[in-house]
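Participant:
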Ligand code: NAP
Ligand code: GCO
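Numbering (this note's numbering), first residue to last: 9 to 272.
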């Protein structure tokens, strides 16, 4: 049973993993035996990430790379192969959100979100798949969202990108499953990270932002998720335990998608 979930000898690249959900998943991979590699957009953030991993006793390899820059991504993957080896596990985690009503959003803002949240997973996956094919196996995990299934006010670009990412996941599975590559998604519910900090901040009168009670009422678990809630599902999808699971989106949402919401 232990070996089924072991990541011993594997190289795992988690994009945008200096902190937040990516950091938690990467640390989980390291504890399961993997060598962890991550990137961020500048050296300062990479150094902070390396220090944060070190604090947990993990030696992580950090690279400066913007995941939307195809040449930069290709150069990073070549460097990773040289420094640590072929990427066995890729997590497309880097993501951004812009909360702007659709009719106020510029096309440039919309494109920027789609670029990071959808085009970049295409770019990074495309860069690692050839070596995975040569090696005879590979795991790709795309970090999707509640917004891969649901809409809400102000997040049109994010929802469009994360819905697209769900379908990119199914297509990578369809196209490369024959090469023993499994591509699945993880759809986190509402998780307490810097990305959702504006929805959880304390108001001037000491009360919580109204979004806090809204989300609790929508979540049977009645709490925000923690980044650590994603570790078990991520290790499962990265390990041999999931070798016949492909094209699946595993929602880790405390039950949000099963629930109509608490009655008033
Ligand atoms: P976060 O705290 O904002 O972290 C996102 C990470 O992505 C940061 O390290 C950020 O780097 C990096 N990043 C952004 N753009 C990048 C780029 N162009 N190139 C490289 N790295 C880039 O977000 P999080 O909450 O941990 O979210 C991680 C993933 O989970 C995202 O895809 C998000 O959409 C998804 N998600 C989050 C939640 C949630 O409730 N928090 C729920 C569902 C899905 P910087 O340090 O440079 O900003
Ligand atoms: C928002 C949130 C979300 C979450 C997450 C849900 O404004 O609604 O930021 O979109 O972060 O992706 O799964």
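Even glycine gets a Cβ: it sits at the ideal position worked out from N, Cα and C.
My output table needs one value for residue 181: the three-state DSSP class, helix, strand or coil.
Facilitator: Secondary structure of residue 181 (DSSP, three-state): helix.
Participant: Is any heavy atom of ligand 1 found at a distance shorter than 7 Å from the C-beta of residue 139?
Facilitator: no
Participant: In angstroms with no decimal places, state the Cα-to-Cα distance between residue 274 and residue 196.
Facilitator: Nothing about residue 274 can be read from this structure; the chain reaches only from 9 to 272.
Participant: Distance, Cα to Cα, residue 104 vs residue 134?
Facilitator: 21 Å
Participant: Which same chain residues end up closer than 6 Å to residue 18 when comparing Cβ atoms and leaving out the 5 residues on each side of it in sequence?
Facilitator: 42, 96 and 97
Participant: Looking at the secondary structure, which residues open and close the beta strand (DSSP E) in which residue 39 lies?
Facilitator: Counting along the chain, residue 39 falls outside any beta strand (DSSP E), though it belongs to the alpha helix (DSSP H) covering 28 to 39.
Participant: What's the gap between the Cα of residue 47 and the Cα of residue 267?
Facilitator: 36 Å
Participant: Pull up the CB-CB distance for residue 182 and residue 171, whole angstroms please, since I reckon it's below 8 Å.
Facilitator: With a Cβ gap of about 17 Å, residue 182 and residue 171 do not count as contacting.
Participant: Rounded to a whole number of angstroms, what is the C-alpha to C-alpha distance between residue 198 and residue 137?
Facilitator: If I take the Cα positions, the gap works out to 30 Å.
Participant: Name the one or two DSSP bridge partners that residue 20 has.
Facilitator: 44 and 97
Participant: So residue 1 and residue 249 are in contact, right, with Cβ under 8 Å, and what is the actual spacing, rounded?
Facilitator: In the structure as shown, the chain starts at 9 and stops at 272, and residue 1 therefore has no counterpart that could be examined.
Participant: Using the rule of at least 16 other Cβ atoms within 10 Å of the residue's Cβ for burial, across every protein chain shown, is residue 68 buried or exposed?
Facilitator: With 16 or more neighbouring CB atoms inside 10 Å of its own CB, residue 68 falls in the buried class.
Participant: Shorter than 7 Å, the distance from the beta carbon of residue 21 to the closest heavy atom of ligand 1, or not?
Facilitator: no
Participant: Are the CB atoms of residue 192 and residue 245 nearer to each other than 8 Å?
Facilitator: It is a contact, given that the beta carbons lie within the stated cut-off.
Participant: Can you check whether the CB of residue 60 is closer than 8 Å to the CB of residue 31?
Facilitator: yes
Participant: Does the Cβ-Cβ distance between residue 251 and residue 186 come in under 8 Å?
Facilitator: no
Participant: Once DSSP output is grouped into helix, strand and coil, what is the label at residue 146?
Facilitator: strand
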